[in-house]
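Participant:
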Amino acid sequence: MEKHKNSTVSFELEKSYNVKILLCDILGIELANVYDGFANEGLFTKIINTGNLPKGVYFLKILIGKDYITEKFTVK
């Protein structure tokens, strides 16, 4: 039986925002909606189950308020 693998994404919020995190492949195709909801100011942390993903490079599209951030995300 394969063990569950997890990775963590975290960032600091200056104030409370609606946050959306999408997991995308190297081509930018959305694979999963990791989080879509309200987040309070301070440190925001989300655990991502990567047990069903092959090893490789992915990207997280993070929408905070009206601003997008793209982060490289590696599954080992």
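For the sequence shown, this note's numbering begins at 1057 and goes up steadily by one. Yeah, the Cβ is synthetic: ideal placement off N, Cα and C, and Gly gets one too. As the structure is a computational prediction, the values presented were derived from the model and not from experiment.
Given this structure, state the Cα-to-Cα distance separating residue 1057 from residue 1104, to the nearest angstrom.
Facilitator: Residue confidence for residue 1057 is low, a pLDDT of 40 falling below 50, so the modelled location carries little weight; the figure read from the coordinates is stated next. Looking at the two C-alpha atoms, the distance is approximately 19 Å.
Participant: Just to confirm, are residue 1102 and residue 1091 a CB contact at a threshold of 8 Å?
Facilitator: Taking 8 Å as the Cβ cut-off, residue 1102 and residue 1091 qualify as a contacting pair.
Participant: Look up residue 1104 in the DSSP assignment and say whether it is helix, strand or coil.
Facilitator: Strand, per DSSP.
Participant: Skipping 5 residues on each side, what residues in its chain have a beta carbon closer than 7 Å to that of residue 1062?
Facilitator: Counting only Cβ-Cβ distances below 7 Å, and skipping sequence neighbours, we find 1103, 1104, 1105 and 1106.
Participant: Go through its chain and collect everything with a Cβ distance to residue 1117's Cβ below 7 Å, but skip five positions before and after it.
Facilitator: These residues qualify, in order along the chain: 1078, 1080, 1124 and 1126.
Participant: Applying the criterion that 16 or more other CB atoms from any shown protein chain within 10 Å of the CB defines a buried residue, is residue 1094 buried or exposed?
Facilitator: Flag for residue 1094 reads exposed.
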